[in-house]
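Numbering of the sequence shown is given in my numbering, commencing with residue 14 and proceeding in unit increments. Virtual Cβ for every residue (Gly too), placed ideally from N, Cα, C. Notes for the one structure printed next.
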Amino acid sequence: MNLNIPQLYYSKLMRAIVEFDMIQDGDHILLGISGGKDSIFLAYAMAILQKRLHKQFKISALTINPQFTDEQGRPSLFDIERAKDFMTELGIPYEIIDVDIAGTIATTPDKNPCFTCAFFRRGAVNRYATEHGMNKIAYAHHHDDAVETFLMSLLYSGQLHTFTPVTYLDRTKLTVIRPLVYFREQELIDAIGIHGFDPVKSPCPHDGHTVRQEIKELIARLSPEIPDLYEHLGAAMRQGALGELWPAAKTRAEMRQTYFDYKNNLTR
């Protein structure tokens, strides 16, 4: 396969790799592959980096089959063979493993299915990486994902939080990297279209009906009225972007002495 991407794309890829120092000599990086546009482009981009960078590192790829079923209880269509063929063309060692995430979701109906799926999927990927002597995991999260996570966190948890380009996992001693953090989602859609890969449809029964989808649509709906909305959200994710905020809320114990000082003054 002739590996090539536009210079603008390569510049965005290299900016993330260099700015966040993502790859070192001797790394063995596991790519999380869903078969969708983002992870397929990640595999393509990492294959290019392996050829162009003056770094000696290995890449492998893994897909987790969550074993979802349709309304009749039959296995949902998960045509991952196209992704398998693509990995073969790229020369990337690739494996698919089954994890009964669907069954876990069914037995824990009180929990958010997206949270349960993400938790067990990450756990399976981490375990695979550790068992196979890999030290890094690469996910295909892009800039839109980061902005949506930031706004979702603010609206649904009251916290200013998003994922970081590089995350060290103390428990497993693994490092998660996200080389596509400077790409917009539309750029990945365009890139996959150029290379003629038909993304694998997600087998998730909740696909398109998630809180993330609602946030994505909220940003799209507000953007015509607030033209710089997306850019401002992206800027707000950066450390140092905070303006004046209220101090952290005090506990009753912390306020106790001050309360009695006020009370004593009032009774004098």
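For residue i, which residues in the same chain have their Cβ closer than 8 Å to its Cβ, ignoring the five residues on either side in sequence?
i	result
T129	I114, T117, I118 and T121
I93	G48, T76, N78, I109 and V213
K229	D157 and E161
Q69	D38 and G39
I30	I36, L62, L66 and P192
E238	none
C127	H219, T223, V224 and R225
S166	Q172, L173, H174 and T175
K64	L16
R197	H155, H156 and D157
Name the one or two DSSP bridge partners that residue i has.
i	result
K149	I42 and T188
L75	G45 and E108
Y275	DSSP lists no partner for Y275.
V179	I190
Beta-carbon within less than 7 Å of residue i's beta-carbon, same chain only, minus the 5 sequence neighbours each way: which residues are those?
i	result
D211	R95
F319	Nothing about residue 319 can be reported from this structure: the residues present for the chain run from 14 to 281 only.
A254	A248
S236	L242 and Y243
Is it right to say residue i is buried, meaning 16 or more other beta carbons lie within 10 angstroms of its own, or is it exposed?
i	result
A153	buried
I178	The question names Ile, but residue 178 in the sequence shown is Pro. By the 10 Å Cβ count, P178 comes out buried.
L173	exposed
P260	exposed
E267	exposed
Y181	exposed
V138	buried
K149	buried
R234	exposed
G206	exposed
H245	exposed
Y141	buried
L168	exposed
P240	exposed
G256	exposed
K263	exposed
G221	exposed
K50	buried
P19	exposed
Y22	buried
A131	exposed
Can you tell which of the options has its C-alpha closest to the C-alpha of residue i?
i	options	result
M100	P240, T82 and L55	L55
L242	T188, V160 and G206	V160
S52	L193, E244, F273 and Q252	L193
H145	A60, Y57, P216 and Y107	Y107
F81	A248, H219 and M250	H219
L62	F91, I105 and I46	I105
S24	Y195, R251, M14 and Y275	Y195
R28	N17, L16, L66 and G45	L66
K97	K64, C127, K71 and Y57	Y57
L103	T188, D123, Y22 and N15	N15
T185	P216, L168 and T143	T143
L231	R135, N125 and L164	L164
L26	A151, K71 and T188	A151
L201	S215, H155 and I190	H155
P216	I72, N17, I46 and F91	F91
L187	R135, R251 and Y275	R135
D34	M59, I46 and I190	I190
Please work out which residues of its chain come closer than 6 Å, Cβ to Cβ, to residue i, disregarding the five sequence neighbours upstream and downstream, and give them in chain order.
i	result
M147	H41 and L43
A204	F54
K71	H41
Determine, using beta carbons only, whether residue i comes closer than 8 Å to chain D.
i	result
I61	Absent from the structure is chain D; it holds one protein chain and no more.
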